[in-house]
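Everything below concerns the one structure shown next.
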Amino acid sequence: MWFVDPNKVMSELLDGEAVIVDLASGRYHAAAGVAATVWEGILCGQSFEHIMDDVRRAHTGLPADAGHLVKEFIVRVVDSGLAIPSTELLSTSDTRSPIGAEPTPWVAPVLESHDDLADLMLIDPVHDVTDQGWPHAARQDP
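Going by our numbering, the first residue of the sequence shown is number -15, and it counts up by one from there.
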């Protein structure tokens, strides 16, 4: 299982593609198809076995090394600082990531990373606000 800190990482699933933003670095990432399915499983705090169940339900034509390729993708997500391994049960329910109605073909999961907007993301105060909204900045601990 993995943990994604919502204070450091923001993501949204749009038309089968996960758009993931690292709020500390300003880097943004894209994960489409199988990668989006895996990301949603990570976000839900699923075990590797549950993530693979979702991949099998959501995608067709999995290769024999699908599990290995999914593990490599998860390592890349962790190495990018988007999630951390956790042994703690994050949910008492059998949380499942959303699966589309029709399975889509397997494509090896890839995490596309971009930093061309990092400077703009870091100067934008809107993502650093409290629940009151802008212009109320979140308190920074020393």
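Heads up, the beta-carbon is just placed ideally off N, CA and C, and yes, glycines get one too. Treat the numbers as computed from the prediction; the structure is a model and nothing was measured.
Might you give, ordered along the chain, the residues of its own chain that have their beta carbon closer than 7 Å to the beta carbon of residue i, omitting 5 neighbours on each side?
i, result
"residue 69", "-14 and 62"
"residue 51", "36"
"residue 97", "11, 13 and 64"
"residue 8", "-8"
Considering only their Cβ atoms, is the gap separating residue j from residue i smaller than 8 Å?
i, j, result
"residue 19", "residue 95", "yes"
"residue 93", "residue 54", "yes"
"residue -4", "residue 3", "yes"
By Cβ distance below 6 Å, which residues in the same chain neighbour residue i in space, the five residues on each side in sequence not counted?
i, result
"residue 5", "-6 and 12"
"residue 16", "1"
"residue 21", "38, 39 and 42"
"residue 99", "11"
Check for me: the beta strand (DSSP E) holding residue i runs from which residue to which?
i, result
"residue 97", "96 to 98"
Compare the C-alpha of residue i against each of the options and name the closest.
i, options, result
"residue 33", "44, 9 and 58", "58"
"residue 86", "71, 23 and 44", "44"
Quiz prompt | Entirely enclosed beta strand (DSSP E) segments - the stretch -10 to 56, minimum 3 residues | solution = -7 to -2, 1 to 6 and 12 to 16
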